[in-house]
Structure formats: structure tokens, C-alpha cells
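Right, one structure below, let's go through it.
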Amino acid sequence: MDPGEGSGLWDPIDEDSAGSVSRWSPGDSGNVSQSHSVCSGASAGLLTEEEEEDPGKPGAPPAVLDHLLPAAASSFSGYMLQGYQQAETETLEKCLEDLLIRVDEFVGMLDMIRNDTSQVINDRVPQIHAKASEMRKLYQKIDTLEAFVKKVGGSVALMEEQVTQAETQLGASHNPFKKIFQNISTSPLFSPTADPEATEQISLINGSI
């Protein structure tokens with residue numbers, strides 16, 4: 189059996205082809221480096237796609253980071269600030285309860301004011317109008333009474349003037365009572381023959397007048 193035929197798997201290499209393989213030229217290094225750069229570029233493209241698919245990696249885009257930051261902040265606040273949150277929540281609830289109580293009181297006061305206003309408008313205002321009309325009538329009566337008083341005052345003043353004139357005409361020393369007592373003293377009943385005590389009393393009366 190021919191060993192060349194028995195091995196039959198590998199053909200002998202020609203010298204030309206071996207020479208071409210064994211020969212080295214400076215241009216081959218450029219081809220090899222170019223192939224390496226192409227492979228590295230392809231791998232870089234693959235890594236970028238994987239990073240876009242996996243947002244947790246450091247090279248994730250800003251939009252994904254903007255979406256993740258609020259979620260992380262809320263989780264952190266939920267874990268770390270739970271005790272402070274309870275205290276602040278209790279304080280806020282107390283403040284809200286006090287505010288609700290104040291609001292209820294204010295609403296009640298407004299209801300009272302509204303009821304009082306409606307009562308005043310419906311009941312008190314008509315009464316005030318009625319009293320105002322009565323006061324107008326009373327003012328008219330007062331004006332009439334003032335006119336009557338003025339008239340009476342004028343009449344009294346006129347009468348006083350007439351009395352004064354009459355007194356001046358009759359004389360200031362004229363006294364009818366004195367005349368009466370003088371007539372009594374000159375009457376025969378009170379003559380000197382009468383009782384001297386009675387005569388003295390009459391003379392005293394005349395002197396006092």
C-alpha cells in the first residue's frame with residue numbers, strides 16, 4: 189500500500205504554496221491589525237447594545253438614570269426615614285385636627301351670623317319702619333304743641349301788659365282791702381263810745397295794712 193495513498197487525508201504541500209505561507213512581508217501586519225480593529229469595533233458595538241438593554245450598568249443612557257434616581261430616592265427614604273416620618277405624620281395629623289376644629293367653629297359662627305341677619309331683615313326691619321312712622325306722627329304732634337305753647341305764651345304776655353296798664357291807671361297805692369277796713373273803722377259801730385280794746389285792734393289792723 190502506498191503511504192501517500194494510505195494517508196490520503198493530507199496532500200503534500202507545494203513549495204510555492206509553502207513559500208507563500210512562510211514568506212513574511214511588512215504589508216501583512218497592516219492586514220492583521222485591520223482585522224483586529226474590525227473585531228474590536230464589532231465587540232464595542234455589541235457591548236453598547238448590551239449596555240442599552242441592561243440599564244443597571246454604568247454606561248446606561250441619561251433617560252434611564254433619570255427614571256431610576258427617583259425610585260432609588262424613594263426607597264432610601266422609606267428605609268432610612270421611617271421613624272422621622274412617623275413623628276412628622278403624627279404632628280401633621282394633630283395640626284390638621286386642630287385646624288378642622290377651628291374651621292367647624294368658624295362655620296358655626298357664620299351660621300349664627302346668617303341666622304341673626306335673616307332675623308333682623310325679616311323681623312326687626314319692619315318693626316323699625318313701623319316705629320319710624322309712629323315717630324313721624326309724634327314729631328307732628330310735638331310741633332303742634334310747640335305752636336300752641338307759643339300762642340299761649342303770647343296771650344299771657346299780652347295779658348300781663350294789660351294788667352300793668354290797668355294798675356298804672358288805677359294807681360299803685362290803691363288797695364280795695366284798705367278801703368274796706370277804713371270804712372269799717374269809720375262806721376258807727378266802732379265809735380269812741382265803743383270798747384277801747386276793739387278800737388285799738390282795728391287801729392293796729394289799719395296800721396299793718
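The numbering of the sequence shown is the working numbering, which starts it at 189 and goes up by one. From the three backbone atoms N, C-alpha and C, an ideal C-beta is built for every residue, glycine too. The model shown is predicted, which means the values in this text are computed figures rather than measured ones.
F264 and K282 have their alpha carbons spaced roughly 27 Å apart. It is roughly 16 Å from the alpha-carbon of A320 to the alpha-carbon of V308. In the DSSP assignment, R324 falls within the alpha helix (DSSP H) that extends over 313-358. The alpha-carbon of E285 is positioned some 28 Å away from that of S262.
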